[in-house]
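Going by my numbering, the first residue of the sequence shown is number 665, and it counts up by one from there.
For every residue, glycine included, the Cβ atom is placed at its ideal position computed from N, Cα and C.
Note that the structure is a prediction, hence the values are computed from the model and not measured.
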Amino acid sequence: MSRRILIVEDDAAFGTMLRTWFSKNEWEPVLVSRVSLAEKEIDDNHFDLIISDLRLPDGDGIMLLTYTKEKKITSPFIIMTGYADVQTAVNAMKLGAYDYLKKPINPVLLQQKIEMAIKTEKKESKSKKSPGKEDFKMVKGKSAVIQRVYTHVALVAPTKMSVLILGESGTGKEYIARMIHEQSKRSDKPYIAVDCGSLSKELAPSELFGHLKGSFTSAIGDKKGVFEEAKGGTVFLDEVGNLPYDVQKQLLRALQEQKVRPVGSIQDINVDVRIIAATNEDLLTAIENGEFRQDLYHRINEFTIEVPPLRERIDDIEEFAYHFLKAANEELDKDIDHITIDALELLRKQRWNGNLRELRNVIRRAALFAENHEITVDNLPVFATPTVKDEPDDMALRPGNEKEQIAAALSKARGNKTVAARLLQIDRKTLYNKMHLYGIDL
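Following this line, the structure appears as structure tokens:
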């Protein structure tokens, strides 16, 4: 049976060439030139692979990628792009694309990437099983400060209280949210995480509360929202401080009344979910600035857990380093079993403004360069050593080198976007949009 591929390309000649190539290589290709046509094909048919140009007449490949994620399509998605759009394509991979290809496309490279995509998809499908406690594995720290966090988790988990998790970017706030769910009376029910920072004012109501067919242009069928999908379980609202202000009122109503109304409906749906929210923002400052509702803040903040930054958990660094090394071995097909004493000592001396996420990236990179089954000091990057005192007080955003200015402000603010926006003298939404534009990921 032929494998089916959807090709989305508005250049007729190039699209025809791709269709011919795939036909000769035992694929059954379908070629379309617009996002709207691709969405219809995805709704009506199954595809083993989707390959899309980045720039299209009625949108772009990112829009189509987002659509496949909303539809829970698991087929590998490959972006095609010109040289100037490579950074955008890389950002697409962060959103779930399998890979990207630069034009003009090398047929040999195309074949290799397709084979890897199909192989990876099959491997992941084979390993998938019903989510349960055995699937949720993460190393626990032993430091005194994190043990206090675990104590608070055990205390609040069996209750119905809403929990607000505070902490810098990369400290593992979602991991703490999962711990609360797994130790709660709802552990056998769904756990659904929502990135509030990715929800636009237009998309959020549909994503959270669902919609009916025909309620807006692209609503080609009924859709259940997160609250209905998680009925009886837990909804984790990550980066809750970035939720559009107008949507905050709708969310407050849903939490207070335990009812949601899908877009386009005149009837409410009863829901029973527990809310866990997380943020690295200063919500009290956001309230003062009129960016976050005070009543919603008190509704989601019945119990607060503060996750300490990695620099306050020096005793945990070795344990986490070996945990990330194990994952890197599997990902990179390496066999490294040792981190030298000197390398561990250097890791302990860093500030880790990126926290666990930064440590994971450092270990992955070191594993890639490591030889003789061990990570040494030579395998580690040259760490920057700026302090807050070294950085200028006047950081107002000025034309030119915006990416560097934003990165510096975020570093000084230790990942807190509200503080960084204040340093740059811009509003938080502008900062978030510019971070997306420049591919800055925290």
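- Query: Which one of Arg938, Arg1029, Phe956 has the shortest CA to CA distance from lysine 853?
  - Reply: Arg938
- Item | Buried/exposed call for phenylalanine 1047, threshold 16 Cβ in 10 Å | exposed
- Query: Can you find a C-beta in chain C that's less than 7 Å from the C-beta of isoleucine 1039?
  - Reply: Here there is only one protein chain, and chain C is not present.
- Query: By a C-beta neighbour count over all protein chains shown, 10 Å radius and 16 as the cutoff for buried, is serine 870 buried or exposed?
  - Reply: buried
- Query: Are the Cβ atoms of arginine 977 and isoleucine 810 separated by less than 7 Å?
  - Reply: yes
- Query: What do you get for glutamate 955, buried or exposed, if any count of 16 or more other CB atoms within 10 angstroms of its CB means buried?
  - Reply: buried
- What's the gap between the Cα of leucine 863 and the Cα of leucine 907? 7 Å
- Using the C-alpha atoms, what's the distance from lysine 888 back to aspartate 932? 13 Å
- Query: Who are the Cβ neighbours of glutamate 982 in its own chain at under 6 Å, not counting the five residues just before and after it?
  - Reply: Leu1008
- Return the residue from the list Gly760, Tyr814, Ser716, Lys735 that minimises the CA-CA distance to leucine 774. Ser716
- Query: Residues bridged to asparagine 1036 by DSSP?
  - Reply: Looking at the DSSP assignment, asparagine 1036 forms no beta bridge with any residue, so it has no partner.
- Paired residues, beta bridge with glutamate 692 - DSSP: Arg668
- Query: What are the uninterrupted segments assigned as beta strand (DSSP E) that are 3 or more residues long and contained completely in the segment 817-842, given in chain order?
  - Reply: 827-830
- For threonine 716, which three-state DSSP category applies? First, the residue type needs correcting, since residue 716 is serine and not threonine in the sequence shown. DSSP places serine 716 in strand when its eight states are reduced to three.
- Item | Residue(s) in a DSSP beta bridge with isoleucine 1090 | For isoleucine 1090, which the question treats as bridged, DSSP gives no partner whatsoever.
- Determine the extent of the beta strand (DSSP E) in which phenylalanine 900 is found, giving its start and end residues. 898-902
- Please state if the CB of glutamate 838 and the CB of proline 973 are separated by a distance shorter than 7 Å. no
- Among Met757, Glu945, Arg1012, Asp997, which one has its Cα closest to the Cα of lysine 1041? Per the sequence presented here, residue 1041 reads as valine, with lysine not at that position. The shortest C-alpha separation from valine 1041 is found at Arg1012.
- Message: Only counting the same chain, and skipping five residues up and downstream in sequence, which positions put a Cβ closer than 6 Å to that of arginine 668?
- Response: Glu692, Phe711, Asp712
- Query: Is there at least one non-hydrogen atom of the ligand COA closer than 6 Å to the beta-carbon of proline 822?
  - Reply: The ligand COA is not part of the structure shown, which contains no ligands of any sort.
- Quick one: give me the first and last residue of the beta strand (DSSP E) that arginine 1062 is part of. It is not in any beta strand (DSSP E) - arginine 1062 carries neither H nor E in the DSSP assignment.
- Query: On the three-state DSSP scale, how would you describe alanine 761?
  - Reply: coil
- Does the segment 1097-1105 come close enough to the segment 1064-1082 that 3 or more CB-CB pairs lie under 8 Å? yes
- Would you identify the three-state DSSP class for valine 1041, choosing helix, strand or coil? helix
- Classify threonine 815 as helix, strand or coil using the three-state DSSP reduction. helix
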